[in-house]
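Enquirer: Just so you know, we're using this note's numbering here: the sequence shown kicks off at -12 and counts up by one.
Beta carbons: idealized from backbone N, C-alpha and C, even for Gly.
One structure is given below, represented as structure tokens, and several questions about it will come after.
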Amino acid sequence: MTSTVTQSEQSPSELIDGRIRELGDWRGEMLARLRALIQQTVPDVVEEWKWRGVPVWYRDGMICTGETYKSVVKLTFAKGAALEDPSGLFNSSLEGNVRRAIDFHVGEAIDEKALAELIRAAVALNAPKAKRAGRPG
């Protein structure tokens, strides 16, 4: 007897794995690379699956989303406008007061060091105030 696992029975991580496989092109590869970098930078990151198919990464609040479009993979930082971006990675959603995004195009290199710094800064911004100030929380 074979059982079929429905989408609602899959974990967010399984759903993200499925999206990467489903894309089957450079966008899936880019999303997988970005996801791996997020997981490497924030080992205890929590993955969620929101809004009918958007991977979302959390640690003490939302860090970023990973959306895939026809010609771009977009990493949107929930509080990006409040982050320092010394490497100039943000190249999309620059007009907003809260979010900032990075659009990755086919064949584009990822500045992993700068992106990891941005991810760490987003996690630090989400940290409870006591932790941010260096006091035990």
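Express the C-alpha separation of V59 and E82 in angstroms, rounding to a whole number.
Expert: So the two alpha carbons sit approximately 19 Å from each other.
Enquirer: Please tell me whether Y45 and V29 are closer than 7 Å, where the distance is taken between their beta carbons.
Expert: No.
Enquirer: So, is A111 buried or exposed, given that buried needs 16 or more other C-beta atoms within 10 angstroms?
Expert: Exposed, since its Cβ has fewer than 16 Cβ neighbours within 10 Å.
Enquirer: Tell me which residues share the same chain as D31 and place their Cβ nearer than 8 Å to its Cβ, disregarding the 5 neighbours each side in the sequence.
Expert: Excluding sequence neighbours, D31 sits near R46.
Enquirer: Can you tell which of W36, A65, Q26 has its C-alpha closest to the C-alpha of E109?
Expert: The sequence shown places Ala at residue 109, rather than the Glu named in the question. Comparing Cα positions, the closest option is A65.
Enquirer: Excluding the 5 residues preceding and the 5 following A69 in the sequence, name in chain order all residues of the same chain whose CB lies nearer than 7 Å to its CB.
Expert: The answer, listed in chain order, is L112.
Enquirer: What does L62 pair with, by DSSP beta-bridge criteria?
Expert: G53, I89.
Enquirer: Closest to A77 by CA distance: which of Y56, M17, C51 is it?
Expert: Note that residue 77 is Phe in the sequence shown, not Ala. Closest option to F77, Cα to Cα, is C51.
Enquirer: Do D90 and S79 have their beta-carbon atoms positioned less than 7 Å apart in this structure?
Expert: Yes, the Cβ-Cβ distance between S79 and D90 is below 7 Å.
Enquirer: Does the distance from the CB of T63 to the CB of R14 come in under 7 Å?
Expert: The answer is no: Cβ separation not under 7 Å.
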